[in-house]
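Per the UniProt record's numbering, residue 1 is the first one in the sequence shown, and the count goes up by one each step.
Notes to accompany the following structure.
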Amino acid sequence: MKLNQEQLRKIYDDTCRTKNVQYSYGTAGFRTVAKDLDTVMFTTGILAVLRSLKLQGQYVGVMITASHNPYQDNGVKIVEPDGSMLLATWEPYAMQLANAASFATDFEGFYAELVKLIGHEKIDLDVGTVVPHIVVGRDSRESSPFLLRCLTSTMASVFHAQVVDLGCVTTPQLHYITDLSNKRAQEGDSAPVATEQDYYSFFIGAFNDLFSTCQIEKSLSVPKLFVDTANGIGGPQLKKLLASPDWVVPADQIEITNDKSDVPELLNFECGADYVKTNQKLPKGLCPSSFDALYCSFDGDADRVVFYYVDSKSKFHLLDGDKISTLLAKFLSKQLQLANLEHSLKIGVVQTAYANGSSTTYIKDELHCPVSCTKTGVKHLHHEAVTQYDIGIYFEANGHGTIIFSEKFHQVIESELSKSHGNSPLALRTLSCFAKLINQTVGDAISDMLAVLATLSILQMAPMDWDKEYTDLPNKLVKCIVHDRSIFQTTDQERKLQNPAGLQTKIDSVIAKYAMGRSFVRASGTEDAVRVYAECQDPSKLDQFCNEVVEYVKASA
Ligand code: 16G
Ligand code: ZN
Numbered sequence: 001m002k003l004n005q006e007q008l009r010k011i012y013d014d015t016c017r018t019k020n021v022q023y024s025y026g027t028a029g030f031r032t033v034a035k036d037l038d039t040v041m042f043t044t045g046i047l048a049v050l051r052s053l054k055l056q057g058q059y060v061g062v063m064i065t066a067s068h069n070p071y072q073d074n075g076v077k078i079v080e081p082d083g084s085m086l087l088a089t090w091e092p093y094a095m096q097l098a099n100a101a102s103f104a105t106d107f108e109g110f111y112a113e114l115v116k117l118i119g120h121e122k123i124d125l126d127v128g129t130v131v132p133h134i135v136v137g138r139d140s141r142e143s144s145p146f147l148l149r150c151l152t153s154t155m156a157s158v159f160h161a162q163v164v165d166l167g168c169v170t171t172p173q174l175h176y177i178t179d180l181s182n183k184r185a186q187e188g189d190s191a192p193v194a195t196e197q198d199y200y201s202f203f204i205g206a207f208n209d210l211f212s213t214c215q216i217e218k219s220l221s222v223p224k225l226f227v228d229t230a231n232g233i234g235g236p237q238l239k240k241l242l243a244s245p246d247w248v249v250p251a252d253q254i255e256i257t258n259d260k261s262d263v264p265e266l267l268n269f270e271c272g273a274d275y276v277k278t279n280q281k282l283p284k285g286l287c288p289s290s291f292d293a294l295y296c297s298f299d300g301d302a303d304r305v306v307f308y309y310v311d312s313k314s315k316f317h318l319l320d321g322d323k324i325s326t327l328l329a330k331f332l333s334k335q336l337q338l339a340n341l342e343h344s345l346k347i348g349v350v351q352t353a354y355a356n357g358s359s360t361t362y363i364k365d366e367l368h369c370p371v372s373c374t375k376t377g378v379k380h381l382h383h384e385a386v387t388q389y390d391i392g393i394y395f396e397a398n399g400h401g402t403i404i405f406s407e408k409f410h411q412v413i414e415s416e417l418s419k420s421h422g423n424s425p426l427a428l429r430t431l432s433c434f435a436k437l438i439n440q441t442v443g444d445a446i447s448d449m450l451a452v453l454a455t456l457s458i459l460q461m462a463p464m465d466w467d468k469e470y471t472d473l474p475n476k477l478v479k480c481i482v483h484d485r486s487i488f489q490t491t492d493q494e495r496k497l498q499n500p501a502g503l504q505t506k507i508d509s510v511i512a513k514y515a516m517g518r519s520f521v522r523a524s525g526t527e528d529a530v531r532v533y534a535e536c537q538d539p540s541k542l543d544q545f546c547n548e549v550v551e552y553v554k555a556s557a
C-alpha cells in the first residue's frame, strides 16, 4: 500500500477546521468541547490505524465519549487489542499528531510529523499485506455522528482499513467487543467480529449460571433495584440486556430511571454517578419509595457505578467504589477459604489515596486482605491488580473499577473442578461462575451492578447490612483554582507533595491537629485545578480542617 498523499491532503483540508487549540491526551483520552474536536478526531483515526498496523492488523478500538462531562463536550480514546487502555508510550504520539494538525500552517507541517512517527515506529505502509482493523463505538451524544465521520474519514479511503462501526454502545462494551474480536481472530474464526449481542448473552449467561449454582442450597432473591442511567447510553443498553428472554430475575425487580438518552441536554444533568458521589444526594428524578430498595447511578458512558439507599429517616447513604470493593473482597475471600484455596491464590484490593481511611482499615483488619495504593487513574490500579494478585479487586472511590482474575486463578479452579469429578464444593463452583460475571477489560457499570446484585443475594444482605460493615470517616474534596497547577508535584502514590517546597510540612502540621486526620493535595489530570482531600473523625471540624489546607495551597501557588 502506498500512502496517497493528495487524497490525505484533501481530507485534511476538509476535516481539520479547528486550529491553534492545544490538545492533550490524558487519563481519559482527548476530551473538550465537541466543536473543537474535528481536528483531533482526524488525527486519532490515523493513529488508531497505525497502532493496528504496528500490531499486525489486530482490532484496535476507538470510543467517542466524554463520560460524565456535560452534553456540550465530547472526547475520544483508543483501546488496545486486549481491551486495555492505549499503551502509555503511544500517548505522546497521539498528542504530537493532534497538535501538529492543530498548529501546522499547512498540510506539509502535519504530514512531516506523520512521516516522522511512521519512521520512528518502523511501520511499513508499503507492504500491503497487513490490513488494519478498527472497531469504533460512540455514546449517545448529539455531536458523536459528526465526530465519527471525522474520525473514520481516512481509515478506509487512505489506509484501506476495515472498520466495524458498533453504533451507540457503552465504553465497556467497546472494550469487551474489541478484546473478544481479537481472541476469535486468533482462534482462526473466519467471522471474528463480536457484537453487542455477544456481550448480553455472555453476561446474562454468567449471571444465570451463578444464580442456578448458588440456588441449589437456598432460594435466592435480588433486592429491588432502581437504576439512574444519567440519561446516557447505559439506559438503552441495560434495557436490551434486561429484555433478553433468558434473564432469570423478574422484570419488575430492576427499574430504570433517567433514561432519556435522546434528549441531549439532559445527559449527566443533576444525575449520574459523578453527581451523586460529588453531592452525596439523590439524583433528579428519583423519589425513594421503599426503605429496603437499593439504588444505583451510572455515568454517561456506563463505566462507573455508585450505589445508595435511603433509611427510614429519609437519610441518604452512599455506597461508593470503596464499599463495592469491600463487599466483593468480603465475598470472594470467604469463597476462597471455603474452597480451601486461600493459600494457593492471592486476593488483594487496590485503591487510590481517595479511598476512605475506614475502608482501608476494614480490609486490612477485618478481611485480612492485602491493600495496595496507586496513583489516580484506572491504568495504575489495573496494572497493580494484574501484577500483584490472582484476584485483584480495584475500584476508585468514584465507582470505576473491576476485578482481574489471573491465569493462575483459572488454572487452579479448573484443576480443582476436574479433580472433584462433578462433585465439587459449592464455593469452587461459585468462584468459577463469578469470575465470568466480571468484565475484566475495564470497569463496567452493568457488569459491576450484576456482580453486586448477585453478591448481596448470595450473602443475603440488605443495603443497610452492606453499609454497616464499616462507617466512612467524614470527608471532603474541594477544587482549588491556582495560577499554575503543574508546580504541584507528588510522591508516595500522590499522598505527599514534593513541590512546592515546604508545603507538605505545613499540611502535616495541620493534619496533626485533627483526630484520625488525613489530607492530600494533587493536581487534577482532567481539569485546570488542584484537588484537596481531607478526612477526620469529627464531622464538625471537617470544614475547618479542609480550609486550613486550602489556605496553605493558595498561599504557595
Ligand atoms: C479520569 C480517570 C479516572 C480518574 C479521574 C481523575 C480513567 C479512564 N479515568 O476520569 O479514573 O478518577 O480521571 O480525575 O482513567 P482528576 O485527575 O481530574 O482528579
Ligand atoms: Zn465514564
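Positions of the beta carbon are idealized from the N, C-alpha and C atoms, including for glycine.
task: Compare the Cα-Cα distances from Asp-467 to each of Val-553, Ser-157, Tyr-309 and Asp-448 and report the closest residue.
output: Tyr-309
- prompt: For the stretch 191-277, which segments carrying the alpha helix (DSSP H) assignment without a break, of at least 4 residues, lie completely within its bounds, in sequence order?
  reply: 196-214 and 234-242
Boundaries (first-last residue) of the alpha helix (DSSP H) holding Ile-487: Segment: none, Ile-487 is in no alpha helix (DSSP H) and carries neither H nor E.
- request: Could you check how far apart the C-beta atoms of Ile-204 and Val-135 are, in whole angstroms? I think they sit under 8 Å.
  value: About 22 Å separates the two Cβ atoms, so there is no contact after all.
message: Any heavy atom of the ligand ZN closer than 7 Å to the beta-carbon of Asp-538?
response: no
message: Using a 10 Å radius around the Cβ and a threshold of 16 neighbouring Cβ atoms, would you call Pro-92 buried or exposed?
response: exposed
message: Within a Cβ cutoff of 6 Å, which residues of the same chain sit near Ser-67, ignoring the five residues on either side of it in sequence?
response: Asp-299, Gly-300 and Asp-301
field: Inter-residue Cα distance where the pair is Thr-508 and Asn-423
entry: In the sequence under discussion, the amino acid at residue 508 is Asp, which differs from the Thr named in the question. In a straight line, the C-alpha of Asp-508 is about 57 Å away from that of Asn-423.
message: Helix, strand or coil for Gln-523? Go by DSSP, reduced to three states.
response: Here residue 523 is Ala; the residue named in the question, Gln, does not match the sequence. In the structure shown, Ala-523 sits in a strand (DSSP, three-state: E or B).
- prompt: Which whole-angstrom value describes the C-beta separation of Cys-536 and Leu-473, a residue pair presumed to lie in contact below a C-beta threshold of 8 Å?
  reply: 7 Å
query: Going along the chain, which unbroken runs of the alpha helix (DSSP H) with 4 or more residues stay wholly within the stretch 108-179?
result: 144-152
message: Quick check on residue 608: buried or exposed, where buried means 16 or more other Cβ atoms within 10 Å of its Cβ?
response: The structure shown does not extend to residue 608, since the chain spans only 1 to 557, so no value can be given for it.
- prompt: Sorry if obvious, but does the Cβ on Ala-28 come closer than 7 Å to a heavy atom of the ligand 16G?
  reply: yes
- prompt: How would you label Ser-314, buried or exposed, when you count the other beta carbons within 10 angstroms and need 16 or more for buried?
  reply: exposed
At least three beta-carbon pairs within less than 8 Å, the stretch 197-213 to the stretch 437-448: yes
task: Please report the residue range of the beta strand (DSSP E) in which Arg-304 lies.
output: Counting along the chain, Arg-304 falls outside any beta strand (DSSP E), and DSSP gives it neither H nor E.
query: Can you tell which of Glu-469, Val-227, Asp-246 and Asp-311 has the C-alpha that lies nearest to the C-alpha of Val-276?
result: Val-227
- request: Would you identify the three-state DSSP class for Ile-413, choosing helix, strand or coil?
  value: helix
task: Put Lys-346 into one of helix, strand or coil per three-state DSSP.
output: coil
query: With DSSP run on the structure shown, which of helix, strand or coil describes Gly-401?
result: strand
- request: Identify which residue in Val-49, Thr-257 and Ile-404 has its Cα closest to the Cα of Ala-230.
  value: Thr-257
Backbone CA spacing between Leu-294 and Phe-42 [nearest angstrom]: 43 Å
Whole-angstrom distance between Ser-297 and Asp-259, CA atom to CA atom: 11 Å
message: Within a Cβ cutoff of 6 Å, which residues of the same chain sit near Glu-342, ignoring the five residues on either side of it in sequence?
response: Leu-336
- request: Note the first and the last residue of the continuous beta strand (DSSP E) segment covering Lys-438.
  value: For clarity, residue 438 is Ile in the given sequence; the question names Lys instead. Element bounds for Ile-438: n/a, residue is neither H nor E.
message: For a quick check, are the C-beta atoms of Leu-318 and Gln-280 less than 8 Å apart?
response: yes
- prompt: Does the stretch 34-48 come within contact of the stretch 245-253, defined as at least 3 CB pairs closer than 8 Å?
  reply: no
field: Any non-hydrogen atom of the ligand MG closer than 7 Å to Arg-522 Cβ
entry: By its list of ligands, the structure shown excludes the ligand MG, since it contains just the ligand 16G and the ligand ZN.
- prompt: Do Arg-522 and Ile-511 have their C-beta atoms within less than 8 Å of each other?
  reply: no
query: Can you round the beta-carbon distance between Asn-74 and Leu-147 to whole angstroms, since I take them to be within the 8 Å contact cut?
result: 6 Å
Ile-481 burial status per 10 Å Cβ neighbour count (16 or more: buried): exposed
query: Expressed to the nearest angstrom, what Euclidean distance is found between the alpha-carbon atoms of Ser-418 and Phe-269?
result: 51 Å
message: Across the stretch 142-156 and the stretch 170-189, are there enough close Cβ pairs to call them in contact, namely three or more that are closer than 8 Å?
response: no
task: Answer yes if the stretch 73-89 comes into contact with the stretch 370-384, meaning at least three C-beta pairs across the two stretches below 8 Å, and no otherwise.
output: yes
message: Could you check if His-383 belongs to the surroundings of the ligand 16G, using beta carbon to heavy atom distance under 7 Å?
response: no
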